[in-house]
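Right, one structure below, let's go through it.
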Amino acid sequence: MKIHKCISPLLVFLFLFISCDESKQNTNHSDNKLINQVESNLTDIAFNSILHDFGEIQEGDIVEAVFEFTNTGKNDLLISHAVGSCGCTIPSYPRNIPIKPGESGEIEINFDSTNMPNLQSKLIKVFANVPSGSVFLRIQALVEPKNN
Numbered sequence: 007m008k009i010h011k012c013i014s015p016l017l018v019f020l021f022l023f024i025s026c027d028e029s030k031q032n033t034n035h036s037d038n039k040l041i042n043q044v045e046s047n048l049t050d051i052a053f054n055s056i057l058h059d060f061g062e063i064q065e066g067d068i069v070e071a072v073f074e075f076t077n078t079g080k081n082d083l084l085i086s087h088a089v090g091s092c093g094c095t096i097p098s099y100p101r102n103i104p105i106k107p108g109e110s111g112e113i114e115i116n117f118d119s120t121n122m123p124n125l126q127s128k129l130i131k132v133f134a135n136v137p138s139g140s141v142f143l144r145i146q147a148l149v150e151p152k153n154n
């Protein structure tokens, strides 16, 4: 009877250990399947340029740059979000609109130089279904201060 009491907890522990291990294997399989699905939807993007230099502008000017891109991958390109490094830099982009392989599009950046004298350099982060997850664009300008 004593041996039976010792073996029962051991069997319960062994059963729980094995069932936890199977659950972990199923989770790993599900994770791998999800990763493969995400990777199979990735594509590539190529920009004509990732830097736009406005040169010299006057403080208070609102200037615009257009970054042209092409979907160079094998799947539809989806731009989910784009954000500037400050509130003075506003991107407009084709949000969640599928861009077929070989097709092109534009991201328009408006830069407001109000209260931004001297050399300015701003980043725009574009989130898309590309291997790195995002791409950086950059604008810069030499903003001539207003004469007060």
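Here the numbering used here is used: position 76 in the sequence shown is 82, and no number is missing along the way. We put the CB at the ideal spot given by N, CA and C, even for glycine.
Each of Phe133, Asn121, Leu125 was checked against the Cα of Asn102, and the nearest Cα belongs to Phe133.
Counting of Cβ neighbours within 10 angstroms places Pro97 among the buried residues, the total reaching 16 or more.
Taking C-beta atoms under 8 angstroms as the contact rule, Leu143 and Phe73 qualify, at a distance of about 5 angstroms. Here Lys131 is bridged, per DSSP, to Val89, Phe142. In this structure the region 88 to 95 lies against the region 109 to 125, because at least three pairs of beta carbons, one per stretch, are closer than 8 angstroms. Judged by DSSP secondary structure, Glu70 falls within the beta strand (DSSP E) whose first and last residues are 68 to 77. Here Ser55 carries a coil assignment [DSSP, helix/strand/coil].
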